[in-house]
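Colleague: Counting in the numbering used here, the sequence shown runs from 4 upward without gaps. Structure in structure tokens, see below.
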Amino acid sequence: MKLVRFGPVGKEKPGMIDAEGKLRDLSSIVPDWRGDTLSDAVLNKVRRIAPARLPLVKGRPRLGCPVAQVSKFVAIGLNYADHAAESGMAIPKEPVVFMKATTCLQGPNDDVMLPKNSVKSDWEVELGVIIGKTARHVSLKDALSHVAGYAVVNDVSEREWQLERGATWDKGKGFDTFGPVGPWLVTRDEVPNPQKLGMWLDLNGQRMQNGSTRTMIFGVAKLIQYVSQCMTLLPGDIITTGTPPGVGMGMKKNGKPAPLYLKRGDVMHLGIEGLGEQSQKVIAFKR
Numbered sequence: 004m005k006l007v008r009f010g011p012v013g014k015e016k017p018g019m020i021d022a023e024g025k026l027r028d029l030s031s032i033v034p035d036w037r038g039d040t041l042s043d044a045v046l047n048k049v050r051r052i053a054p055a056r057l058p059l060v061k062g063r064p065r066l067g068c069p070v071a072q073v074s075k076f077v078a079i080g081l082n083y084a085d086h087a088a089e090s091g092m093a094i095p096k097e098p099v100v101f102m103k104a105t106t107c108l109q110g111p112n113d114d115v116m117l118p119k120n121s122v123k124s125d126w127e128v129e130l131g132v133i134i135g136k137t138a139r140h141v142s143l144k145d146a147l148s149h150v151a152g153y154a155v156v157n158d159v160s161e162r163e164w165q166l167e168r169g170a171t172w173d174k175g176k177g178f179d180t181f182g183p184v185g186p187w188l189v190t191r192d193e194v195p196n197p198q199k200l201g202m203w204l205d206l207n208g209q210r211m212q213n214g215s216t217r218t219m220i221f222g223v224a225k226l227i228q229y230v231s232q233c234m235t236l237l238p239g240d241i242i243t244t245g246t247p248p249g250v251g252m253g254m255k256k257n258g259k260p261a262p263l264y265l266k267r268g269d270v271m272h273l274g275i276e277g278l279g280e281q282s283q284k285v286i287a288f289k290r
């Protein structure tokens with residue numbers, strides 16, 4: 004199933020995309036897509052409903068983040084060897100874990116706002132994992148059973164705040180609008196192997212990233228196992244799992260560093276095989 008939340012900011016309703024690509028309203032079945040409605044029991048109940056019986060939503064309403072009330076937005080850094088290399092950093096021996104502020108979460112096609120005075124904002128297409136069952140010290144074997152589904156994430160990053168203004172990455176990762184998620188949550192039964200998904204990102208129509216989840220250093224199951232030792236993962240939590248090469252920070256020209264960063268008016272278009280596409284316009288800072 005492809006689960007969505009649609010409508011104005013703060014007033015989103017739960018829905019699903021049917022086999023014909025039409026949006027169906029599920030608000031009479033579930034109050035919202037959030038931790039307590041992402042269990043296998045609730046998803047199986049929805050799965051048994053014939054989509055044609057659900058109200059058809061006309062037009063093209065805004066899509067929000069497909070999960071509401073997210074308690075934690077966990078991120079993994081340097082999880083692709085070639086991205087670590089372009090960043091000038093060593094391949095990690097254990098997952099690099101940091102947090103993105105939940106206040107940066109937004110819809111997949113909402114504008115991305117540059118932080119005040121930012122000159123080093125960057126893009127990162129990533130596979131997002133949405134937890135469906137409480138995970139605490141889970142085994143590698145059982146890890147994927149704790150997943151409700153998967154989604155596209157753009158881990159937008161401000162590199163100066165991330166790397167030049169202190170030791171923690173979180174500051175550069177959690178600015179408002181820096182966490183587009185969606186367009187939908189694809190339930191795990193439709194993604195039998197999350198390590199075989201092509202992924203890409205275009206900037207102003209030019210391909211910048213072109214990779215695959217098969218080149219992750221630590222796969223999804225390992226990440227869930229690892230992170231669940233550090234913190235309890237609750238239903239609705241999101242783990243964004245790292246990015247392939249092609250970020251602006253790593254750009255080169257004639258073999259020499261030539262970073263390229265986001266500016267007002269830029270358009271990012273990104274997607275992951277089977278999980279849909281996003282598009283964001285970059286706008287200037289505003290209060």
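Every residue gets a Cβ at the ideal spot worked out from N, C-alpha and C, and that includes glycine.
Restricting to runs no shorter than 3 residues, where is the beta strand (DSSP E) found entirely within the stretch 49-91?
Modeller: The stretch 49-91 contains these whole beta strand (DSSP E) runs: 76-80.
Colleague: Check this for me: beta carbons of L130 and L200, under 8 Å apart or not?
Modeller: In this structure, L200 lies closer than 8 Å to L130 by Cβ.
Colleague: Does the distance from the C-beta atom of P58 to that of R27 stay below 8 Å?
Modeller: Their beta carbons are under 8 Å apart, which means P58 touches R27 by this criterion.
Colleague: Give the C-beta separation of L6 and L117 to the nearest angstrom, bearing in mind that I take them to be a contact with Cβ-Cβ under 8 Å.
Modeller: The pair is not a contact, with the Cβ atoms about 30 Å apart (cut-off 8 Å).
Colleague: For T180, which option in D39, P111, R37, D21 has the closest C-alpha, if you only look at C-alpha atoms?
Modeller: Among D39, P111, R37, D21, the Cα nearest to that of T180 belongs to P111.
Colleague: Answer with buried or exposed for H149, where buried requires no fewer than 16 other C-beta atoms within 10 angstroms of its C-beta.
Modeller: Buried, by the Cβ-count rule.
Colleague: Three or more C-beta pairs under 8 Å: does that hold for the stretch 172-187 against the stretch 32-41?
Modeller: With a cut-off of 8 Å, the stretch 32-41 and the stretch 172-187 do not count as touching, because too few Cβ pairs lie within range.
Colleague: Would you kindly check if the distance between the Cβ of T106 and the Cβ of G152 is under 8 Å?
Modeller: Result no, Cβ atoms of G152 and T106 do not sit closer than 8 Å.
Colleague: Can you give, in chain order, each stretch of the alpha helix (DSSP H) that sits fully within the stretch 103-187 and has at least 4 residues?
Modeller: If we require 4 residues or more, the alpha helix (DSSP H) runs fully inside the stretch 103-187 come out as 173-176.
Colleague: DSSP has D28 in a bridge; who is on the other side?
Modeller: Paired residue(s): G18.
Colleague: May I ask which residues mark the beginning and end of the beta strand (DSSP E) holding I286?
Modeller: Counting along the chain, the beta strand (DSSP E) containing I286 begins and ends at 279-286.
Colleague: The beta strand (DSSP E) that contains S215, what's its start and end?
Modeller: First-last of the beta strand (DSSP E) with S215: 209-215.
Colleague: Tell me, please, which residues DSSP counts as bridged to V270.
Modeller: DSSP output for V270 lists K284 as bridge partner(s).
Colleague: Taking only three categories from DSSP, how would you classify K199?
Modeller: Three-state result, K199: coil.
Colleague: Can you give the Cα-Cα distance for R139 and G258, rounded to whole angstroms?
Modeller: Approximately 45 Å, taken between the alpha carbons.
Colleague: Exposed or buried, which one is I242 when buried takes at least 16 other CB atoms within 10 Å?
Modeller: Under this definition I242 is a buried residue.
Colleague: Give the straight-line distance between the Cα atoms of G67 and L147, rounded to the nearest whole angstrom.
Modeller: Each residue's alpha carbon lies about 25 Å from the other.
Colleague: What does a CB cutoff of less than 8 Å around T218 pick up in its chain, not counting 5 residues either side in sequence?
Modeller: Contacts found: Y83, A84, D85, P247.
Colleague: Just to check my reading of the structure: R2 and P17 have Cβ atoms closer than 8 Å, yes? What is that Cβ distance to the nearest angstrom?
Modeller: Here the chain comprises residues numbered 4 to 290, so residue 2 is not present and cannot be evaluated.
Colleague: Output the distance between the C-alpha atoms of T171 and I133, rounded to the nearest integer angstrom.
Modeller: Rounded to the nearest angstrom, the two C-alpha atoms are 24 Å apart.
Colleague: DSSP beta-bridge partners for T190?
Modeller: According to DSSP, T190 bridges with G152.
Colleague: Cutting at 8 Å between CB atoms, please list the residues of its own chain near D114, excluding the five before and the five after it.
Modeller: The answer, listed in chain order, is T180, Q283, K284, V285, I286.
Colleague: Identify which residue in V223, Q209, E161, K136 has its Cα closest to the Cα of G38.
Modeller: Minimum Cα distance to G38 is reached at K136.
Colleague: Quick one: residues in its chain with C-beta nearer than 6 Å to the C-beta of T40, no 5 flanking neighbours on either side, listed in chain order?
Modeller: Hits under 6 Å: V33.
Colleague: By DSSP's criteria, T3 is part of a beta bridge. Which residues make up the other side?
Modeller: Because the chain in this structure spans residues 4 to 290, residue 3 falls outside the shown range and cannot be described.
Colleague: For F288, which of W187, N207, N120, L273 has the nearest alpha-carbon?
Modeller: Considering only alpha carbons, the answer is N120.
Colleague: Taking the alpha carbon of V122 as the reference point, which residue from E161, A104, E97, A154 has its own alpha carbon closest?
Modeller: Measuring from the Cα of V122, the nearest candidate turns out to be E161.
Colleague: Can you give me the C-alpha to C-alpha distance between H272 and V184, rounded to a whole angstrom?
Modeller: Those two C-alpha atoms are separated by around 13 Å.
Colleague: Going by DSSP in three states, I275 sits in which element: helix, strand or coil?
Modeller: Strand, per DSSP.
Colleague: What whole-angstrom Cβ distance do G182 and F9 have, given they're in contact under 8 Å?
Modeller: About 18 Å; that fails the 8 Å criterion.
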